[in-house]
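The block underneath contains the structure these notes are about, expressed in structure tokens.
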Amino acid sequence: MLDWPAAAVCLLASLLVSSSPGLGDPAVFTPGFWDPHARPIKPDLASLHSLRFLTEDDYPPFHFAAADGTLAGFDIDLTRAICEDLKLSCTIQARRFDTLVDSLKADQGDAIIASIRMDEKSRGELDFTAPYSKNPARFVTLKSTALTDATPETLRAKYIGVLAKTAHQAFLSAFFKSSVQRPFETQKALTEALNKGEVDAIFGDGIALSFWLQGQDAHNCCAFLGGPFLDSRFFGDGVGIAVKKDNPLLRQALDYALADLSAKGVYTDLYLKYFPLGFY
32 MLDWPAAAVC LLASLLVSSS PGLGDPAVFT PGFWDPHARP IKPDLASLHS
82 LRFLTEDDYP PFHFAAADGT LAGFDIDLTR AICEDLKLSC TIQARRFDTL
132 VDSLKADQGD AIIASIRMDE KSRGELDFTA PYSKNPARFV TLKSTALTDA
182 TPETLRAKYI GVLAKTAHQA FLSAFFKSSV QRPFETQKAL TEALNKGEVD
232 AIFGDGIALS FWLQGQDAHN CCAFLGGPFL DSRFFGDGVG IAVKKDNPLL
282 RQALDYALAD LSAKGVYTDL YLKYFPLGFY
């Protein structure tokens, strides 16, 4: 495994944002997955009249069942915006996550929007749009810390909490070798260690940590430190909308709609609605 210099590690931290929020900075940065200067051409949709999206209902805030049983969440609102942008009639049906791919292959739906991670295995079965979300890794520390950034130099000899046997621990082992790892078995134990001052910082899933920071269990103790880390070898290529491999027209149409929604500011509005703290 490569031992990258500190400059390369810092470059990873700024991959999707123009700048990184400092400790306690209230600004929310929204990701940009689409080049505003390279808008895709809208394909001919004359043969498309309606779309059937498949999802699941137990992964808030991306997709979940509301109190009245209706589907809600970031993915659901994004799907509705896509259909409106393409001027197509759409249905969204929830199924168990482990049945989604088979349901798509059985022609029980046209596309899956369920935060399916794009990797070698999933790409072998499905085609994907460009990613519409990524799950960055983040450092979190106490607001009272003297630390101002998260680099191999600033965290040298510092105690870093991390979930054991995860991609996050592997990343620390590769790029933060001068830090002292403190592995934990559960997310609760990890965050409690930081809250008690038993570690200088913790490193983990940016989405999960953003919701902990906003929750009561954090007691307003902590904040993100530095920027996001997005190395695809450790944290994947993000998630996209999945379609069958023999349906390039639909993939192109969805890619067009996602880029168009980004250009119109709709994607940003949805991101801020569901992720007010932000995790990038």
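The numbering used here numbers the first residue of the sequence shown as 32 and each following residue consecutively. By construction, the Cβ of each residue, glycine as well, lies at the ideal position given by its N, Cα and C atoms.
Query: C-alpha gap between His199 and Ala77, whole angstroms; Result: 46 angstroms
Query: Nearest-angstrom Cα separation, counted from Ala239 out to Leu225; Result: 15 angstroms
Query: Assigned exposure category for Ser209 - 16 Cβ within 10 Å defines buried; Result: exposed
Query: Between the CA atoms of Ile191 and Leu173 - distance to the nearest angstrom; Result: 12 angstroms
Query: Bridge-paired residues (DSSP) for Cys253; Result: Leu173
Query: Beta-bridge partners of Ile143, as assigned by DSSP; Result: Leu85 and Ala273
Query: Distance between Thr179 and Ser49 (C-alpha atoms, nearest Å); Result: Bear in mind that the predicted position of Ser49 carries a pLDDT of just 33, short of 50, making it too unreliable to give a figure here.
Query: For Thr10, the nearest candidate out of Leu203, Phe64, Val193 and Ala181 (CA to CA); Result: With the chain represented from 32 up to 311, any question about residue 10 goes unanswered, as that position is not in the structure.
Query: Alpha carbon of Cys252 to alpha carbon of Thr185, nearest angstrom; Result: 21 angstroms
Query: Buried or exposed (CB count within 10 angstroms, at least 16 for buried), Leu85; Result: buried
Query: Alpha carbon of Phe234 to alpha carbon of Pro214, nearest angstrom; Result: 10 angstroms
Query: Boundaries of the alpha helix (DSSP H) in which Val132 is found, first to last residue; Result: Leu131 to Lys136
Query: Distance cut-off 6 angstroms: Ala142 Cβ against heavy atoms of the ligand MN; Result: The model depicted lacks the ligand MN and carries no ligand whatsoever.
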